[in-house]
């Protein structure tokens with residue numbers, strides 16, 4: 001037996017309310033089960049329960065075994081002083097709060113519908129790609145779409161956690177925070193940490209000193225990245241090196257070790273040299289970038305902001321002093337820009353709306369996701385195979401959240417789809 005199932009049965013009233021009584025024979029009437037609490041403290045807060053002839057208002061704690069009360073050291077914990085009922089699956093030991101008589105206890109064992117326990121166990125033990133696979137066809141479209149809407153908001157709330165922490169550390173400087181997160185995502189997984197280190201060593205306000213001059217901006221970023229320490233032959237890196245040495249002396253800069261950067265197993269278009277050059281172009285071209293993004297009305301405007309090409313040197317190179325065989329202007333590809341919108345711009349717009357109390361920014365973030373095509377990855381492909389395809393990026397983000405944060409952890413009792421499956425059980429009569 002899992003405590004999660006007991007929580008589920010209690011909060012959804014999946015039991016026969018006419019048969020409830022305490023272990024010492026007093027009838028129990030649940031007026032309100034309480035507010036489900038997933039933080040520290042009792043499981044259900046502000047419940048109303050009539051025990052015998054007395055109406056109690058307080059908290060409800062649920063355990064698999066009564067002895068878990070002492071095992072979890074609740075007796076002396078002040079957060080549990082107002083517990084009015086202890087609900088257990090196995091009444092093996094009475095629970096008490098210091099200075100009080102033993103708590104009224106409900107032995108839930110005989111009140112759970114056997115079919116509920118059976119179906120829950122089926123979900124928990126199912127080795128399929130998602131636990132509810134045998135029951136998925138039973139879920140109506142209204143439940144499905146409603147839960148996906150909840151999932152995309154939940155995913156955005158999770159993504160904005162790191163952004164909020166960064167903003168709090170830099171006094172809510174939105175432009176600086178956006179620069180740091182944007183740079184880290186340009187590096188993708190393999191160079192994300194290196195780009196974050198680059199932004200720490202090269203603060204946004206330092207970049208602004210050179211924003212009007214692309215060459216000086218490039219020298220600053222490449223120099224701080226530790227990429228200008230070689231003896232070069234091409235004129236372009238030689239001049240960058242000279243400019244950076246002047247900047248370094250003037251500003252007292254400390255560059256990164258060059259070995260932080262990964263080139264192996266990357267497509268040349270994703271080399272950090274190319275990404276740094278593109279970052280420099282973005283900063284040079286658009287003043288107050290985050291403000292421009294907040295003001296944008298569509299993803300079409302965003303694509304225009306990120307459409308500028310890197311320095312012409314990179315049309316014939318992927319690394320310094322190493323000419324490429326094919327001439328290709330280095331712009332951010334459409335797929336990369338869409339990835340940045342999904343993983344950087346939309347979360348920033350969402351948390352900006354939250355912090356300002358402006359729903360229009362939150363709503364715009366969701367609209368932008370709807371404007372983008374569905375993402376392509378193995379998880380989305382599998383949902384499509386299960387006849388649950390996505391029409392846009394909003395739905396793919398929701399499906400990723402559902403799979404990665406719910407299905408993979410078998411959190412069926414916290415899922416609207418799982419609830420739909422589990423509630424098709426009649427309470428014990």
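Residue numbers (this note's numbering): 1 to 429.
Quick reminder that beta carbons are idealized off the backbone N, C-alpha and C, glycines included.
What's the C-alpha gap between residue i and residue j?
i	j	result
residue 298	residue 167	25 Å
residue 200	residue 151	33 Å
residue 58	residue 419	26 Å
residue 93	residue 19	22 Å
residue 309	residue 229	25 Å
residue 126	residue 407	11 Å
residue 81	residue 103	11 Å
residue 364	residue 303	16 Å
residue 390	residue 396	6 Å
residue 355	residue 178	15 Å
residue 282	residue 207	12 Å
residue 274	residue 330	7 Å
residue 26	residue 52	5 Å
residue 43	residue 383	34 Å
residue 421	residue 139	8 Å
residue 193	residue 315	26 Å
residue 99	residue 385	59 Å
residue 36	residue 123	22 Å
residue 2	residue 205	53 Å
residue 119	residue 424	10 Å
Let me confirm a value: residue i is counted as buried when at least 16 other C-beta atoms fall within 10 Å, else exposed. Which label applies?
i	result
residue 429	Summary for residue 429: the model assigns pLDDT 44, below 50, so the residue's position carries little reliability, and this model does not support an answer.
residue 458	Beyond the ends of the chain as shown, which are 1 and 429, falls residue 458; an answer cannot be given.
residue 141	exposed
residue 10	buried
residue 287	exposed
residue 213	exposed
residue 7	buried
residue 279	buried
residue 251	exposed
residue 307	exposed
residue 180	buried
residue 317	buried
residue 324	exposed
residue 108	buried
residue 272	buried
residue 33	buried
residue 284	buried
residue 76	exposed
residue 328	exposed
residue 40	exposed
residue 54	exposed
residue 135	buried
residue 333	exposed
Under 6 Å Cβ to Cβ from residue i, same chain only, skipping five residues before and after it: list those, please.
i	result
residue 398	148, 151 and 152
residue 338	372
residue 352	361
residue 268	318
By Cβ distance, which residues of its chain are closer than 8 Å to residue i, with the 5 residues on each side in sequence left out?
i	result
residue 379	399, 400, 403 and 404
residue 66	86, 88, 90, 91, 92, 93, 94, 95 and 105
residue 392	369, 370, 371, 372, 373 and 374
residue 270	188
Below 8 Å on the Cβ atoms is my contact criterion, and I expect residue i with residue j to pass it. Report the Cβ-Cβ distance as a whole number of Å.
i	j	result
residue 83	residue 60	7 Å
residue 219	residue 260	About 19 Å; that fails the 8 Å criterion.
residue 90	residue 117	Not quite, the Cβ-Cβ distance comes to about 14 Å (not below 8 Å), so this is no contact.
residue 417	residue 145	11 Å between Cβ atoms; not a contact.
residue 366	residue 394	6 Å
residue 170	residue 221	With a Cβ gap of about 19 Å, residue 170 and residue 221 do not count as contacting.
residue 225	residue 198	5 Å
residue 305	residue 342	With a Cβ gap of about 15 Å, residue 305 and residue 342 do not count as contacting.
residue 45	residue 413	That belief does not hold up - the Cβ atoms of residue 45 and residue 413 are roughly 18 Å apart, past 8 Å.
residue 480	residue 50	This structure gives no information on residue 480, because the portion of the chain shown stretches from 1 to 429.
Give me, in chain order, the residues of the same chain whose beta-carbon lies closer than 7 Å to that of residue i; leave out the 5 immediate sequence neighbours on both sides.
i	result
residue 195	183, 184, 186 and 187
residue 154	401
residue 232	238, 241, 320 and 321
Decide yes or no for the touch test of the segment 277-294 against the segment 233-245: beta carbon pairs closer than 8 Å, at least 3 of them.
no
The segment 128-135 / the segment 99-114 touching (three or more Cβ pairs under 8 Å):
no
Check whether the segment 356-375 and the segment 206-220 are in contact - that is, three or more C-beta pairs closer than 8 Å.
no
May I ask you to verify whether the segment 160-174 touches the segment 340-353, counting CB pairs closer than 8 Å and requiring at least 3?
yes
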